[in-house]
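Participant: Just so you know, the sequences run in chain order A and B.
Position in the first sequence (from 1) plus 306 gives the number in the numbering used here.
Position in the second sequence (from 1) plus 27 gives the number in the numbering used here.
Here you go, one structure.
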Amino acid sequence: DGGITQSPKYLFRKEGQNVTLSCEQNLNHDAMYWYRQDPGQGLRLIYYSQIVNDFQKGDIAEGYSVSREKKESFPLTVTSAQKNPTAFYLCASSINPGTLAFYNEQFFGPGTRLTVL
Amino acid sequence: QKEVEQNSGPLSVPEGAIASLNCTYSDRVSQSFFWYRQYSGKSPELIMSIYSNGDKEDGRFTAQLNKASQYVSLLIRDSQPSDSATYLCAVKGPDKLIFGTGTRLQVFP
């Protein structure tokens, strides 16, 4: 089964705690993305990576960190510096838009819902 | 002006009717456009992509693109209650997709 998996489905964080959200894909996609979605709002890009060992900040990177050591994996750490982390976090992947600039169909994982206690 | 704009709705249509969802975008050089469906509490699902002016049909869905007017729309024929969801329009920028805030569609029996 090809697809994108995210874990955990639900995550609870205490104040001052760092947490890491997992994202794995077996679609052989080069590019991976992290988005945040708040109720009634659109998707906001946190970080993206077009190739292993390289990633770029999105629109709301402050308080988050990522790594891309393997093509299949793009974990997101929500640090204690992120003051309002309660949200729905979505991971996506696509064929590297740099090589097929015209197409950029992104496919999403099931999401992780993070709540701060 | 937002880069991708959608009416938040809700758009209410009776079962069997045609639902028309609209999206405008600001970047004239954009060439790739996508529609995602998102059920409440779930992740977005890609349902249509369109790259050329005109219409593209896939089952009950038709995407329409007018680059001169910077307008893309999604028509859903024979709407069903199971189509009730939020529909997100996305436009490809230089290195990322830019999403609208979505239109909530309600199909009532």
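The beta carbon of each residue, even a glycine, is placed where N, CA and C say it ideally should be.
Is A:N410 close to chain B? Criterion is C-beta to C-beta, closer than 7 Å.
Facilitator: yes
Participant: Please report the distance separating the alpha-carbon of A:C329 from that of A:V372.
Facilitator: 11 Å
Participant: Compare the C-beta of B:L38 against all C-beta atoms of chain A and say whether one is closer than 7 Å.
Facilitator: no
Participant: If you drop the 5 nearest sequence neighbours on each side, which residues of the same chain put their C-beta closer than 6 Å to that of A:R419?
Facilitator: Y316, F394
Participant: Would you say A:P345 lies against chain B (beta-carbon separation less than 7 Å)?
Facilitator: no
Participant: With a threshold of 7 Å between beta-carbons, can A:A396 be considered close to chain B, or not?
Facilitator: Rather than Ala, the amino acid found at residue 396 of chain A in this sequence is Leu. A:L396 counts as touching chain B.
Participant: What would DSSP say about A:P381, mapped onto helix, strand or coil?
Facilitator: coil
Participant: May I have the straight-line CA-CA distance separating B:L124 from A:N410, to the nearest angstrom?
Facilitator: 8 Å
Participant: Given this structure, state the Cα-to-Cα distance separating B:K119 from B:G43, to the nearest angstrom.
Facilitator: 32 Å
Participant: Using beta-carbon positions only, say whether B:S106 and B:V40 come within less than 7 Å of one another.
Facilitator: In this structure, B:S106 lies near B:V40, with their beta-carbon atoms less than 7 Å apart.
Participant: Are the CB atoms of A:G364 and A:L382 within a distance shorter than 7 Å?
Facilitator: no
Participant: Could you please give the first and the last residue of the uninterrupted beta strand (DSSP E) stretch that includes B:K83?
Facilitator: 81-85
Participant: What is the C-beta distance between B:T128 and B:Q58, in whole angstroms, given that I count them as a contact (C-beta under 8 Å)?
Facilitator: With a Cβ gap of about 22 Å, B:T128 and B:Q58 do not count as contacting.
Participant: In or out: B:A95 buried (at least 16 other Cβ within 10 Å) or exposed?
Facilitator: exposed
Participant: What residues in its chain sit with their C-beta under 6 Å from that of B:Q91, if we drop five residues either side in the sequence?
Facilitator: D82, S100
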